[in-house]
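Sequence order for the protein chains is A and B. Numbering-wise (the working numbering), the first sequence opens with residue 1 and increments by one. Numbering-wise (the working numbering), the second sequence opens with residue 611 and increments by one. Note that CB positions come from ideal geometry on N, CA and C, so glycine has one too. Below is one structure, written out as structure tokens, with a few remarks after it.
Number of protein chains: 2
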Amino acid sequence: MSKKIDIPFFDGDDFHTAQNVKKMSDGKSLDDLDRYEWLLTLNKLAGEQVKKNGCIIACSALKEKYRDILKSGIENNIKWILLNGSFEQVIERLGNRKDHFMPTSLLRSQFETFEDPIDALKIDIALSRKEIIKTINNELVNRSEFGLLGLGVMGKSLSRNLANSGFKISIFNRHLKGVEEDIAINFKNEYKELDSALAFDDFEDFVNSIQKPRKIMLMVNAGKTVDVVIERLIPYLSKDDVIVDGGNSHYKDTERRIKYLKNEGIYFLGVGISGGEEGALRGPSIMPGGNKNSYRLIQPFLEKIAAKDKNKQPCCSYIGGDGSGHFVKMIHNGIEYAEMQLLAEVYTLFRSLGKVPDEIANILETWKAASNSYLLEITIEILRKKEKNGWIIDSILDKAGNKGTGNWATIAAAELGTPSSMIASALFARHLSSFKEEREKAEGVYGENERSPKLSKEELLKAYHLSRIINHHQGFKLLLQASNAYNWDLNLAEIARIWINGCIIRSSLMEDLVIILKQADTILLNKEIVKRVKYLRPSLNNVVSQALLSQMEIPTLSEAVNYLNGYTNGRSSANLIQAQRDYFGAHTYQKINDATGKFYHTNWNKLSHD
Amino acid sequence: MSKKIDIPFFDGDDFHTAQNVKKMSDGKSLDDLDRYEWLLTLNKLAGEQVKKNGCIIACSALKEKYRDILKSGIENNIKWILLNGSFEQVIERLGNRKDHFMPTSLLRSQFETFEDPIDALKIDIALSRKEIIKTINNELVNRSEFGLLGLGVMGKSLSRNLANSGFKISIFNRHLKGVEEDIAINFKNEYKELDSALAFDDFEDFVNSIQKPRKIMLMVNAGKTVDVVIERLIPYLSKDDVIVDGGNSHYKDTERRIKYLKNEGIYFLGVGISGGEEGALRGPSIMPGGNKNSYRLIQPFLEKIAAKDKNKQPCCSYIGGDGSGHFVKMIHNGIEYAEMQLLAEVYTLFRSLGKVPDEIANILETWKAASNSYLLEITIEILRKKEKNGWIIDSILDKAGNKGTGNWATIAAAELGTPSSMIASALFARHLSSFKEEREKAEGVYGENERSPKLSKEELLKAYHLSRIINHHQGFKLLLQASNAYNWDLNLAEIARIWINGCIIRSSLMEDLVIILKQADTILLNKEIVKRVKYLRPSLNNVVSQALLSQMEIPTLSEAVNYLNGYTNGRSSANLIQAQRDYFGAHTYQKINDATGKFYHTNWNKLSHD
């Protein structure tokens, strides 16, 4: 093999220390400590060779943690090949081996120690040497490492990102006569980095072009298409292949697909990807969920293409089991809905104060110091963009798109019993905007609302910043509730960390939250946050109060105030609601001073005789 | 038969006019006009006999609309028996008939005209006369007219209501050893009106005790129980039997069950019932949905037990196909959530003004003139109710129950793209209340909110009333959206009508809406409403503005303001959101001055070269 592909070969056994050799010669097994130095030596050797043309190393690498040491720092460059034989086959060959320090008596303990690698190419040692070399060559040299299916905006950007990261990939786009023809091959020809990529519009050829166990990422429309594509793939897949859904699928669909494919021996992972077109190309934030073992197979790819945080760590981290990756992405988008709506409300307030877009952009520019975010940055750029007739923003129809993940996040909040009122209010603001013609009719009947609220830009910044804190509190609270309900054991601080770069809701606040969420799960109870909230609160109260007096539409700022007021109110008016429910439906209620939690019923009706 | 059960028999043919007899003797078929007088005569005859002991009338009643005339005014007292024979059987018997004016030549047109009645007991004329009489006796005299399954709070009240309305019913409750034993028989023995009821805890006996086609209403817990009960019933049911689900089932479950049972030849209807325990007993509001023909079978029962409006019409009206009955009930409950929350917010505002419960009750008493409702009435009674240590309301734990229909209504709003923000805010207020311990902790950290807003009770009434108008606008809007999306053709005015009595959200406003919704579907655009809104609006703005400055939790009042402000705003800030979406996701946007609806994309990034 070494001769055939012209890279050096090393036998791991040659690198054992004299002590290890003696120990084995004495018929004793090596323990983990004995092996540690040796593994480090091999890792170092591999690292040096990777910088050149690479090499082949033969060695025992029985446990997952040994292999972790061996691949450390070169995860993206390593290929495992398991020469697979039964105890009987191997002991026979060992018996025929001459001049080797390891006695056959140690083989039993090696077989016992062995942990089957899920990411290795497995080759039956019963094959001839020629056949083995041919198989390795076919699988590893001619085939690609990773398949990407679906070359829409996001699929194309991710393909280029993977190729730019040095991965050999297969890309696929369906053939749809007259509509989608030769998409993959044309795309490959368009970009230099795709020179070594293999392009397909046939499912079977695509699948066969990928090394086993195959890693195939779907970048197709969420919904039925995912199921259709899975059905098309199944006939060509092998056991332990991994399908990765990188779209915005609903987490319950993902869970259904995980179960379905498990029966077929195929792993399925739901991976949230945020960053839009540009993020996908230059480094998105990635939220993988599903079976943890199978995640290891795609981890090197995802971590390499992900955005990096300030410590150069990838903005990609295993989220949890089931559909948790897609769930977390859905909540990311929910938070995004509210962040966008807050900026829209701020914009509308500044307009009511008579500011033109450039002036608003200039003010928002000064906000970067206190409350910077990607969305703030792009809003500034948007407000400055002009075309011949003036600001583009003024010509855009005020009907917001309102499908997908924002809806789902609101629905999930309702299902989980979590008051994610800011996401919901942002969603409903989009819904209401879509009734444009009816709003115009209503404005005709009711007259224009425009009155100018008495507000300063300093107060507005404070109101905006506090609302963002509350929005993030609600978003992470929703994650926490889901984590508890579904046993996902989500690491909120780590989720905040992978959201500080690459994704749409990256911000300086998110950077703070990485630290804050390490201390505790509840943002609004954090000491540092409490200080900030107390300082900012009067401004938020005043902004909302003044804006509502002026008949402005500021649902998400208003929800921020109401949530904070409710959250800090130890005694709410829900006692009246419980009384009403007990009155008409005999739903019973609990009492404040009865810690037993006993349920009471009152016969409220004065006409009754109870 | 007449002799056996001792009531008179009439042959319909004896009541034809001389003209009709002549026409038939001449071999001509009667047309609808010829039949009209005759049917009226028979209907009058039946009406007179019903007042005595009843009678048997034999007549041709070929079409559904003939039968409608025959039963007019005595719907609850009529039993149809179809003597069912083939053309060959009947023509043979007709040939043997002597001295009758109708020539056999007319039979073919009679068979062609015939519309099969779904609500008739069908008897094969091949049976002997004795057998026929025995069958009729078994089915109609010994069996009950209606079955009710599930004797919880609502099931018991509805059973008594049915019995009090003069129906002979079968009642069933499962046997659960040591937990639910002899429920049905004990319940029957408890109430005089159930003397003629048949009580069971065996599925087969219960089903067999009911006249065919059977009408069985389920009053069991929504969810899996309904499916379990259906499976238990199926083996004993016959084609064209009708199952009615009177619980708060999810409308999508109802639709699934309709389809499932259709395959079994069984009709399934989803019927929303509102009114709580007392309403169920004295007359609830009933919202039946499903197949319209099968609804005719249960219509007499439901209309008889329903509450009556001011014109004595039943608060029960066929809603539409599929799960529309349960959907409408779900939205009823959504509106109810917001109505309850508004009262809770009003209550909390009065408390912050220093009023004690009795004082608040006295103020609310004066509100009845302007904005009365069942919920206002019970709130007043609740606030006045004392126990030894003071007002009961003060001892009730402020954690509101938050499962079921309110959640579903919010989810449906999100799915339908409708901004039902008041229902959602009321739901989330309940959710937030459930985090009692965390709220107490937060109050400890942030300090108490209590400041006294500057408000008058007159302004509060105006704010409350306007919020209710907006809540109803949103609720009916949601129904309209669902009606359009699902092709239900809902009659909003009729839905308002059946909600003016019997149900939890009955109110003087609802009475106004019956008239308003007859004019148009959109409440806030109605001239009369516009006047009211304009008059009330400054007070709502001021109340919300002041209350938020005082750090009160008033999410649903706030949403009312925000919705109104958004609704009456022809130009919203959604243009910024569209720009943002286009910036990071290339989602494109439309332009205000381009009526073609063309989609535009801008390359916003100043770094790009486009």
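Straight across, the Cα-Cα distance linking G889/B with K1046/B is about 32 Å. Using beta-carbon distances, R160/A does not count as an interface residue toward chain B, since no partner is under 8 Å. In its own chain, leaving out the 5 sequence neighbours on each side, no residue places its CB closer than 6 Å to the CB of I1079/B. Closest option to M1032/B, judged by alpha-carbon separation, among L959/B, L1007/B and E955/B: E955/B. Here Y947/B has G1016, I1033, A1036 and L1037 as same chain residues with Cβ atoms under 7 Å from its own Cβ, once five neighbours each way along the sequence are excluded.
Secondary structure of Y191/A (DSSP, three-state): coil. Contact check for Y877/B and V852/B: beta-carbon distance about 4 Å, within the 8 Å limit, so the pair qualifies. Here the alpha carbon of Q1156/B sits roughly 38 Å from the alpha carbon of D1192/B. For the segment 1176-1195 of chain B, the beta-carbon criterion of a distance under 9 Å to any beta-carbon of chain A is satisfied by G1176, Y1177, T1178, N1179, G1180, R1181, S1182, S1183, A1184, N1185, L1186, I1187, Q1188, A1189, Q1190, R1191, D1192, Y1193, F1194 and G1195. Distance from the CA of M330/A to the CA of R439/A, rounded to the nearest whole angstrom, comes to 30 Å.
Secondary structure remark: continuous beta strand (DSSP E) runs of at least 3 residues inside the segment 632-693 of chain B, in chain order: 666-668. Neighbours of W604/A across chain B, judged by C-beta separation under 8 Å: I988, E991, I992 and K995.
Around E494/A, the same chain offers S317 as residues with beta carbons nearer than 6 Å, after the five sequence neighbours per side are excluded.
Looking at A58/A, E180/A, S452/A and E303/A, the one whose alpha-carbon comes closest to that of G354/A is S452/A.
Per DSSP, L828/B is not a residue of any alpha helix (DSSP H); the beta strand (DSSP E) it occupies stretches across K825 to L828. Nearest CB-CB separation between M340/A and chain B: below the 8 Å threshold. In summary, N663/B is exposed, with fewer than 16 beta-carbon neighbours lying within 10 Å of its beta-carbon over all protein chains present. Cβ-Cβ distances below 7 Å link E193/A to R160, A163 and N164 in the same chain, with the five nearest sequence neighbours on each side left out; the list follows chain order. In the three-state reduction of the DSSP assignment, Y877/B falls in the strand class, which pools E and B. Within the segment 389-406 of chain A, I392, I393, D394, S395, I396, L397, D398, K399, A400, G401, N402 and K403 place their CB atoms closer than 8 Å to a CB of chain B, listed in sequence order. By the neighbour-count criterion, in which a residue is buried when 16 or more other Cβ atoms sit within 10 angstroms of its Cβ, R645/B is buried.
Under the 8 Å Cβ criterion, the segment 296-316 of chain A does not count as touching the segment 392-399 of chain A, having fewer than three qualifying pairs. Annotated three-state conformation of Y318/A is coil, per DSSP. Rounded to whole angstroms, the gap between the alpha carbons of I504/A and M340/A is 10 Å. Put simply, the CB of I592/A is near chain B, with a gap under 8 Å to one of its CB atoms. A buried status is given to D245/A, since no fewer than 16 other beta-carbon atoms sit within 10 Å of its beta-carbon. Closest by C-alpha distance to S86/A, out of G417/A, K98/A, K79/A and R108/A, is R108/A. F721/B sits in a helix when the DSSP states are folded into three classes. From the listed residues H465/A, L121/A and G570/A, the smallest Cα separation to R532/A is found for H465/A.
Considering only beta carbons, the part of the segment 1053-1071 of chain B lying closer than 7 Å to chain A consists of E1053, V1055, Y1056 and N1059, in chain order. Between K918/B and chain A, the shortest Cβ-Cβ separation is not below 8 Å. Excluding residues up to 5 positions away in sequence, Y1199 lie with their Cβ nearer than 6 Å to the Cβ of Q1188/B in the same chain.
Apart from the 5 residues on each side of it in sequence, L30/A sits with its Cβ closer than 7 Å to the Cβ of N20, K23 and M24 in its chain, given in chain order. Within chain B, the residues whose beta carbon sits less than 9 Å from that of A429/A are P1029, S1031, N1172, G1176, S1182, S1183, A1184 and I1187, listed in sequence order. For G899/B, the three-state secondary structure derived from DSSP is strand.
In this structure, N76/A sits away from G147/A, with a CB-CB distance that is not shorter than 8 Å.
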